[in-house]
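Protein chains in written order, with our numbering: chain V, 24 to 233; chain S, 1158 to 1718.
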């Protein structure tokens, strides 16, 4: 990519001129996603670098692998492209018969567009080239805002959900960071819980309702 | 006329398997016809042992494909990447609903039907339930009472294996149980509190068709709680684990899969059903089979569908429909999440293993006293106590090492109450053939007109209030609760349409699940229900099936059928 000071995404948004405005005035981003559905259904290289960095900021490497070690960024892109977790459109409840609107080539990738914009704003420039401290500060600001009261619809929620899903359903996340037991073989209804005990990623009820 | 079989059983799900077992064990030559593909017990459960990281979408599945192919089925909480092949493709299996109404028709077309995916909860009905229509005038009085069905509940429970605790409650009769699975520490606490503060309300472990003791070639439960993938241990009741091997062992069973029954043939001279017509969906060829008895076990709404499609000069509005009530008075249960509470005080406790059942608080409203506000009949709570895991991180601000550490450990306990409220039988809730819309085989699809009424809404409003009162009495902090039901079908307890009754002018089936109009035609799945109670209905379907089979065999031997 030519280094013109703008990433591929930013150049397009500057040309389109609408996305930053949309993010600021609150026009639902999925509408912009629909407007751009004829475009190639992939994340840009810059966005892939961004999501790798972001996922590691959420789940860093410790005594167990971190998010990018297990390819969480790839999962997030795949998941968005296929609209997992209701990311293709808001309130993606299916129509009773005949399904909903036709899938869009970019699926939920518009959420990455939004994240790129917000990170650029918070980092005061290209997020991918910012210092680790600035990257952390930018994402912390976004995360803090999203979890403030009334911000349930903030697009960051879906990205964060998918980062967690990508990590804890990976082999390392599910069976090293947490415990995975396919065949417990018994039911112990009341056992002592020590502070060091790890949760089970194979506790399907907890995964669904916890 | 020479019949090929003594009996034809349409469908291989929970009741079809029971019909096949009971009739073959009585010595009858039986043909069982299943519209879906075969699935072998054990080897056919392709995803049973897979981990999330072994699936392309980590167990969540491809939402884009679901949107296009499974828009209804994918709303079912049991539908995911591990189980999607156990549900129908909506695009290939359309149905219709009236403008402005919804119905979630969740289906499994395959050997074993929904016995592979069911919730396994097994509850007897009581005379509060069988007497309800007569007592309050909604619907038509049942032609049977609890005493008629009790020995058949015994027979079914003995065979399928139901674990549960005897409680001595009039509203939820005890059965022949295997040892119960234990309550966890929070559930036990709630039970103790309720016994003290609400003497009319009992929390007990969900009575479930999961084995706690091995029996007849089936292992006991391994506490995985991934039943809907299929269980090669045979630890829960399914056609594959239980009734099918029993029927096959007699040498009297013939099975055809991938074949949709398009109609029941009727001889106007004899007045009897002669057999069925079916379409082989793989070859596109049509065939017929003849028998002395026909049992419809296609699933409640599909048994209605077959009868509605089986028209003739004698029965222009559907076979066995001289009353005109066929397809009417369909029901489900009105269900919603009535309350979730944080349950502090148990931070040093956890559990091990995945118990494949929750808890139940049986109906306590409108029993001997009419104490429901604005509603008749009742509801029960199901649910349980659980701890959170990594998914709790979706609700939590934070990044980095501390955040990761916080998700490493089991989270706080919470208790969930989900309500199942009785659905009143109403003539306006009904099934019809939609001649404007056809399925890929050219058949008119089923039109499902259904809505919950004021009674159901009032019951759910009461349930939300009582859930809060009870959970708070147990020390819980309720943070969420709803009082609006999901769309019809959301309980996956759709039933009725060919109701039982004593009067042929007002009902389709007699007290033996036999069509008033056609003496050798039986319908023993959920279509037969005259009311819905608020219990999960499958155990009652099985008991009705076993009872009907025994009676049909007796009549056949006596030459009265």
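For every residue, glycine included, the Cβ atom is placed at its ideal position computed from N, Cα and C. Quantities reported herein were computed from a predicted structural model and do not represent experimental measurements.
Measuring alpha carbon to alpha carbon, tell me which of the options ends up nearest residue i.
i                       : options                        : result
residue 1218 of chain S : V/101, V/164, V/212            : V/101
residue 1582 of chain S : S/1687, S/1659, S/1506         : S/1687
residue 1597 of chain S : S/1220, S/1251, S/1433, S/1388 : S/1251
residue 1216 of chain S : S/1383, S/1366, S/1283         : S/1383
residue 1284 of chain S : S/1439, S/1516, S/1329, S/1467 : S/1329
residue 1361 of chain S : S/1379, S/1320, S/1399         : S/1320
residue 1394 of chain S : S/1373, S/1406, S/1407, S/1413 : S/1373
residue 99 of chain V   : V/200, V/179, V/203            : V/179
residue 74 of chain V   : V/141, V/186, V/194, V/88      : V/186
residue 1625 of chain S : S/1513, S/1575, S/1595, S/1311 : S/1575
residue 1706 of chain S : S/1164, S/1661, S/1179, S/1325 : S/1179
residue 1600 of chain S : S/1525, S/1591, S/1526         : S/1591
residue 1331 of chain S : S/1314, S/1443, S/1338, S/1347 : S/1314
Going by other Cβ atoms of all chains shown within 10 Å of its Cβ, with 16 needed for buried, is residue i buried or exposed?
i                       : result
residue 1552 of chain S : exposed
residue 1140 of chain S : Past the boundaries of the shown model lies residue 1140 of chain S; chain S is included only from 1158 to 1718, so the question cannot be answered.
residue 125 of chain V  : For residue 125 of chain V, the predicted model reports a pLDDT of 49, less than 50, meaning its position is unreliable; a value from the coordinates is still stated below. So residue 125 of chain V ends up on the exposed side.
residue 1694 of chain S : buried
residue 1634 of chain S : exposed
residue 1636 of chain S : exposed
residue 1621 of chain S : buried
residue 1593 of chain S : exposed
residue 118 of chain V  : Only weak support is given to the placement of residue 118 of chain V: the predicted model assigns it a pLDDT of 38, under 50, and the value that follows is read from those uncertain coordinates. That one is exposed.
residue 1603 of chain S : buried
residue 230 of chain V  : buried
residue 116 of chain V  : A caution first: residue 116 of chain V carries a pLDDT of 38, below 50, which makes its placement in the model unreliable, though a value can still be read off. So residue 116 of chain V counts as exposed.
residue 1623 of chain S : buried
Within the continuous beta strand (DSSP E) that includes residue i, where are the two ends?
i                       : result
residue 1587 of chain S : 1587-1595
residue 1570 of chain S : 1570-1578
residue 1419 of chain S : 1416-1424
residue 1488 of chain S : 1485-1488
residue 160 of chain V  : From DSSP, residue 160 of chain V is part of no beta strand (DSSP E) but of the alpha helix (DSSP H) over 155-169.
residue 1449 of chain S : 1443-1453
residue 1163 of chain S : 1162-1167
According to the Cβ coordinates, are residue i and residue j closer than 8 angstroms?
i                       : j                       : result
residue 1698 of chain S : residue 1171 of chain S : yes
residue 1433 of chain S : residue 1420 of chain S : yes
residue 1572 of chain S : residue 1540 of chain S : yes
residue 106 of chain V  : residue 1225 of chain S : no
residue 1185 of chain S : residue 1409 of chain S : yes
residue 1453 of chain S : residue 1385 of chain S : no
residue 1532 of chain S : residue 1424 of chain S : no
residue 1167 of chain S : residue 1190 of chain S : yes
residue 1631 of chain S : residue 1653 of chain S : no
residue 1613 of chain S : residue 1642 of chain S : yes
residue 213 of chain V  : residue 1341 of chain S : yes
residue 1323 of chain S : residue 1677 of chain S : no
residue 1177 of chain S : residue 1710 of chain S : no
residue 1568 of chain S : residue 1544 of chain S : yes
residue 1579 of chain S : residue 1490 of chain S : yes
residue 1161 of chain S : residue 1448 of chain S : yes
residue 1187 of chain S : residue 1411 of chain S : yes
Under 7 angstroms between beta-carbons, which chain B residues line up against residue i? List them in chain order, please.
i                      : result
residue 107 of chain V : Structure shown: chain B not included; protein chains present are V and S.
Start and end of the alpha helix (DSSP H) containing residue i?
i                       : result
residue 70 of chain V   : 68-81
residue 140 of chain V  : 133-146
residue 1348 of chain S : 1342-1354
residue 1506 of chain S : Segment 1506-1509 is the beta strand (DSSP E) holding residue 1506 of chain S; no alpha helix (DSSP H) there.
residue 1435 of chain S : Run containing residue 1435 of chain S: none in the alpha helix (DSSP H); it sits in the beta strand (DSSP E), 1429-1437.
residue 189 of chain V  : 179-191
residue 1181 of chain S : 1171-1182
residue 1623 of chain S : 1611-1630
residue 1459 of chain S : 1457-1466
residue 1287 of chain S : 1284-1287
Chain V contacts from the segment 1214-1230 of chain S (Cβ-Cβ distance under 7 angstroms): 1214, 1215, 1216, 1217, 1219, 1220, 1221, 1224, 1225, 1228, 1229
Contact residues within the segment 208-222 of chain V, judged by C-beta distance below 9 angstroms to chain S: 208, 209, 210, 211, 212, 213, 214, 215, 216, 217, 218, 219, 220, 221, 222
Residues in the segment 161-187 of chain V having any Cβ partner in chain S nearer than 8 angstroms: 162, 163, 166, 167, 169, 170, 180, 183, 184, 187
Under 7 angstroms (Cβ pairs) to chain V, residues found in the segment 1332-1360 of chain S: 1338, 1339, 1340, 1341, 1342
Contact set between the segment 1194-1205 of chain S and chain V, restricted to residues whose Cβ is under 8 angstroms from the partner: none
Chain-ordered residues of the segment 70-82 of chain V with a beta carbon less than 7 angstroms from chain S: 80, 81, 82
Residues in the segment 1547-1566 of chain S having any Cβ partner in chain V nearer than 9 angstroms: Among the residues of the segment 1547-1566 of chain S, those with a Cβ less than 9 angstroms away from any Cβ of chain V are 1547, 1548, 1549, 1550, 1551, 1552, 1553, 1554, 1555, 1556, 1557, 1558, 1560, 1561, 1562, 1564, 1565, 1566, in the order of the chain.
Residues, ordered as in the chain, of the segment 1563-1593 of chain S that lie near chain V by beta-carbon distance below 9 angstroms: 1564, 1565, 1566, 1567, 1568, 1571, 1573
Proximal residues, the segment 1371-1387 of chain S versus chain V, C-beta separation under 9 angstroms: 1378, 1379, 1380, 1381, 1382, 1383
Contacting positions in the segment 1498-1532 of chain S - beta carbon closer than 8 angstroms to chain V: 1504, 1505, 1506, 1507, 1508, 1509, 1510, 1511, 1512
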